[in-house]
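Worksheet for the structure shown next.
2 protein chains.
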Amino acid sequence: MRIAQVSPLYESVPPLLYGGTERIVSYLTEELVREGHEVTLFASGDSKTSAELVPVCERSLRLDQDCIDPLAHHFIQVEKILKYQNDFDIIHSHTDYFGFSLGRRTNRPVVSTLHGRLDFNEHQLIFNEFREIPLISISDAQRTPLPGANWLATVYHGLPTTLYSLNKQGGDYLVYIGRISPEKRVDSAIEIAIRSEIQLKIAAKIDRVDRTYFEQKIRPLMRHSLIEYLGEISDEEKNELLGSALAFLHPVDWPEPFGLAMIEAMAC
Amino acid sequence: MRIAQVSPLYESVPPLLYGGTERIVSYLTEELVREGHEVTLFASGDSKTSAELVPVCERSLRLDQDCIDPLAHHFIQVEKILKYQNDFDIIHSHTDYFGFSLGRRTNRPVVSTLHGRLDFNEHQLIFNEFREIPLISISDAQRTPLPGANWLATVYHGLPTTLYSLNKQGGDYLVYIGRISPEKRVDSAIEIAIRSEIQLKIAAKIDRVDRTYFEQKIRPLMRHSLIEYLGEISDEEKNELLGSALAFLHPVDWPEPFGLAMIEAMAC
Numbered sequence: 504m505r506i507a508q509v510s511p512l513y514e515s516v517p518p519l520l521y522g523g524t525e526r527i528v529s530y531l532t533e534e535l536v537r538e539g540h541e542v543t544l545f546a547s548g549d550s551k552t553s554a555e556l557v558p559v560c561e562r563s564l565r566l567d568q569d570c571i572d573p574l575a576h577h578f579i580q581v582e583k584i585l586k587y588q589n590d591f592d593i594i595h596s597h598t599d600y601f602g603f604s605l606g607r608r609t610n611r612p613v614v615s616t617l618h619g620r621l622d623f624n625e626h627q628l629i630f631n632e633f634r635e636i637p638l639i640s641i642s643d644a645q646r647t648p649l650p651g652a653n654w655l656a657t658v659y660h661g662l663p664t665t666l667y668s669l670n671k672q673g674g675d676y677l678v679y680i681g682r683i684s685p686e687k688r689v690d691s692a693i694e695i696a697i698r699s700e701i702q703l704k705i706a707a708k709i710d711r712v713d714r715t716y717f718e719q720k721i722r723p724l725m726r727h728s729l730i731e732y733l734g735e736i737s738d739e740e741k742n743e744l745l746g747s748a749l750a751f752l753h754p755v756d757w758p759e760p761f762g763l764a765m766i767e768a769m770a771c
Numbered sequence: 504m505r506i507a508q509v510s511p512l513y514e515s516v517p518p519l520l521y522g523g524t525e526r527i528v529s530y531l532t533e534e535l536v537r538e539g540h541e542v543t544l545f546a547s548g549d550s551k552t553s554a555e556l557v558p559v560c561e562r563s564l565r566l567d568q569d570c571i572d573p574l575a576h577h578f579i580q581v582e583k584i585l586k587y588q589n590d591f592d593i594i595h596s597h598t599d600y601f602g603f604s605l606g607r608r609t610n611r612p613v614v615s616t617l618h619g620r621l622d623f624n625e626h627q628l629i630f631n632e633f634r635e636i637p638l639i640s641i642s643d644a645q646r647t648p649l650p651g652a653n654w655l656a657t658v659y660h661g662l663p664t665t666l667y668s669l670n671k672q673g674g675d676y677l678v679y680i681g682r683i684s685p686e687k688r689v690d691s692a693i694e695i696a697i698r699s700e701i702q703l704k705i706a707a708k709i710d711r712v713d714r715t716y717f718e719q720k721i722r723p724l725m726r727h728s729l730i731e732y733l734g735e736i737s738d739e740e741k742n743e744l745l746g747s748a749l750a751f752l753h754p755v756d757w758p759e760p761f762g763l764a765m766i767e768a769m770a771c
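Top to bottom, those sequences are chains A and B.
First residue of the first sequence: 504, per the working numbering; consecutive thereafter.
First residue of the second sequence: 504, per the working numbering; consecutive thereafter.
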């Protein structure tokens with residue numbers, strides 16, 4: 504089949520550091536190519552893929568200091584896909600509303616995988632508007648707030664089995680991987696570590712909107728001698744960090760739609 | 504003529520507090536109605552207009568604590584306009600890229616007034632993509648970075664002449680009105696006030712992305728006894744504040760595309 508994969512542009516495909524959605528788009532794209540499909544990937548120009556890459560912007564947007572308005576690039580992406588639309592049997596979007604709007608402008612089938620939580624007020628309204636759009640959920644639980652949407656299937660995230668490996672010597676520290684924001688409860692992870700008297704290593708990104716939360720609530724907690732903050736890390740560093748840990752902590756306080764870091768920890 | 508006015512949804516039309524774009528959409532809409540046109544306004548549900556209002560969301564989004572994803576409402580807005588498109592002779596968009604994308608989905612003429620600066624990297628790319636879209640500038644200077652875009656006309660902002668009035672007793676303080684962010688240089692306004700030994704009253708909004716800048720750079724400067732921070736204010740309060748001031752300070756450090764606050768100050 505001739506398949507278009509449409510990735511968000513915030514991270515490269517695969518991402519160098521943080522980036523769950525772009526990581527999954529990469530695994531999926533590479534596997535489709537391996538199975539003999541003709542795949543075109545619409546992603547940032549610093550992506551690496553064995554599919555044909557249509558670069559939408561020069562570099563991935565989140566860490567690009569020159570990028571002021573990431574939205575503009577996603578609007579351009581839709582127009583680029585429409586230019587090539589007749590080359591595809593199916594268009595697979597990972598860009599939420601942009602994919603929905605695209606679905607109304609093309610006669611090619613567009614299917615959207617939703618990567619986030621769906622329980623905001625806005626979700627009721629937008630899925631009510633775009634009720635014909637075919638959707639893939641990443642867990643059955645993700646569908647709960649929107650039982651009436653046009654769900655086609657649940658496709659769980661997978662990982663290449665060779666990616667992470669266990670250090671059989673074991674380790675003596677706890678690890679937290681992901682994002683620092685109120686709903687992810689890194690404060691709980693820190694409390695668990697301190698009360699257990701075990702070292703905690705934190706590898707996580709901080710979004711601009713969470714910067715004040717980080718400075719006010721989390722940085723003071725990190726001053727404890729058991730807590731070490733590593734910033735964002737690469738896949739290679741993640742393998743070492745996860746594979747040698749005593750345990751992975753994931754004390755989230757929100758309806759996590761999948762939790763990629765959990766299967767990464769289990770893949771070691 | 505049957506005219507659709509398409510407003511951003513961040514503020515009501517007119518806005519209760521801060522909101523230059525929505526303020527202009529309101530003046531324009533009311534004047535078009537007064538001149539006998541049949542005007543439909545696509546705006547937040549808390550807008551007040553003599554045109555026909557199509558409410559896109561219940562309340563304006565910026566100060567709505569329940570609004571997590573304002574983008575969703577703007578996608579819904581486009582679909583609502585498309586449902587009614589045949590009722591209009593012309594669609595006038597104030598929503599940037601959403602209007603451009605809409606322009607490619609309808610056979611009705613869509614004209615876009617651009618309310619912001621146009622010198623980001625992204626602007627070259629997006630105006631190159633949407634080069635056929637007819638555009639209105641709010642000053643000739645605004646066009647400078649994009650000389651090749653499809654400019655139809657410059658329409659300067661206007662104000663109802665009855666809105667603001669001068670307090671002829673005069674006043675003894677300086678005033679700063681607008682937004683607190685690095686390019687607006689409220690720090691310069693504070694320095695001017697302190698060096699002139701004249702009181703400065705600041706009425707301004709602070710966006711979430713500027714919160715850290717405010718806490719780190721501006722709040723410490725506001726501790727000076729000559730500086731008074733009022734938060735955001737209504738039109739009525741603005742009239743009193745501007746009309747009784749000694750002078751208005753606007754020491755911006757960016758290519759201000761128009762500067763609505765400047766004509767508000769001059770209207771007193």
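Ideal placement from N, C-alpha and C gives every residue a C-beta, glycine not left out.
### Continuous beta strand (DSSP E) stretch holding F545 of chain A: start and end
541-546
### Query
Looking at the unbroken beta strand (DSSP E) that takes in G619 of chain B, where does it start and where does it end?
Looking at the DSSP string, G619 of chain B is not in any beta strand (DSSP E), and its letter there is neither H nor E.
#### Entry: Residues sharing a beta bridge with V613 of chain A, DSSP
A:I594
### Query
Do you know how far the Cα of D567 of chain A is from the Cα of F630 of chain B?
20 Å
### Task
Give a yes or no on contact between the segment 589-597 of chain A and the segment 542-550 of chain B, applying the rule of three or more CB pairs nearer than 8 Å.
no
### Query
Would you say T715 of chain A reaches chain B, if we count a Cβ-Cβ gap shorter than 7 Å as a contact?
yes
### Task
Return helix, strand or coil for G762 of chain B, following the three-state DSSP convention.
coil
### Task
Taking only beta carbons into account, state which residues of the segment 578-606 of chain B come closer than 9 Å to chain A, listed in chain order.
F578, I579, V581, E582, K583, L585, D599, Y600, F601, F603, S604
#### Entry: Interface residues of the segment 612-634 of chain A facing chain B [CB-CB below 7 Å]
F623, N624, E625, L628, I629, E632
### Message
Taking 8 Å as the cut-off, does the segment 707-722 of chain A touch the segment 651-661 of chain A (at least 3 CB pairs, one atom from each stretch)?
### Response
no
### Message
Strictly below 7 Å CB to CB, what residues from chain B border A575 of chain A?
### Response
Y600, E625, L628, I629
#### Entry: Close-in-space but distant-in-sequence residues of the same chain around S550 of chain B (CB under 7 Å, 5 per side omitted)
S515, V516, L544, L556
#### Entry: Cβ-Cβ distance between G681 of chain B and A764 of chain B below 7 Å
yes
### Residue nearest to F751 of chain B in terms of C-alpha spacing, selected from B:L677, B:M725, B:I766
B:L677
### Task
Please name the residue in B:H753, B:G523, B:C771, B:V755 whose C-alpha comes closest to that of H618 of chain B.
B:G523
### Task
Using a Cβ cut-off of 9 Å, pull out every chain B residue sitting near D549 of chain A, in sequence order please.
Correct list: empty, because the minimum Cβ distance to chain B is about 16 Å.
### Query
Where DSSP assigns a beta bridge to L512 of chain B, which residues make up the other side?
Bridge partners of L512 of chain B: none, in fact.
### Query
Along chain B, which residues have their Cβ under 8 Å away from the Cβ of V571 of chain A?
The sequence given here has Ile at residue 571 of chain A, not Val. Under the 8 Å cutoff, chain B gives F623, N624, E625.
### Task
Give every residue of the same chain whose Cβ lies closer than 6 Å to the Cβ of Q772 of chain B, excluding the five residues on either side of it in the sequence, and list them in chain order.
Missing from the structure shown is residue 772 of chain B; chain B here goes from 504 to 771 and no further.
### Task
Check each residue of the segment 700-725 of chain A: if its Cβ is closer than 8 Å to any Cβ of chain B, include it; give the result in chain order.
R711, V712, R714, T715, E718
### Identified DSSP bridge partners for T664 of chain A
Paired residues: none, contrary to the question.
### Every unbroken alpha helix (DSSP H) inside the segment 528-592 of chain B [4 residues or more]
573-587
### Query
Rounded C-beta distance between D690 of chain A and L724 of chain A? I'm assuming under 8 Å.
6 Å
### Message
I'd like to know if the segment 724-741 of chain A and the segment 694-709 of chain A are in contact, where contact means that at least 3 CB-CB pairs between them fall below 8 Å.
### Response
yes
### Task
For F751 of chain A, name the three-state secondary structure that DSSP assigns.
strand
### Query
Are P663 of chain B and D622 of chain B touching if we call contact CB-CB under 7 Å?
no
### Message
If distances are taken between C-alpha atoms only, which option among B:V536, B:R565, B:L519 comes closest to Q508 of chain B?
### Response
B:V536
### Task
Between the Cα of H626 of chain B and those of A:L669, A:I584, A:H577, spot the shortest distance and give me the residue it belongs to.
A:H577
### Task
Just the C-alpha distance for P758 of chain A and D643 of chain A, rounded to the nearest angstrom, thanks.
12 Å
### Query
Should S510 of chain B be labelled buried (16 or more other beta-carbon atoms within 10 Å of its own) or exposed?
buried
#### Entry: Where the beta strand (DSSP E) through S772 of chain A begins and ends
In the structure as shown, chain A begins at 504 and stops at 771. Residue 772 of chain A is therefore absent and cannot be evaluated.
### Message
Output needed for G762 of chain B: all residues of its chain with C-beta closer than 7 Å, excluding positions within five of it in sequence on either side, in chain order.
### Response
H753
### Task
Below 7 Å CB to CB, which residues in the same chain sit around G548 of chain B once its five sequence neighbours on both sides are set aside?
P558, C560, E561, R562
#### Entry: Beta-carbon proximity list for D713 of chain B, same chain, < 7 Å, skipping 5 on both sides
I683, S684
### Query
Are the Cβ atoms of L520 of chain A and E735 of chain A separated by less than 7 Å?
yes
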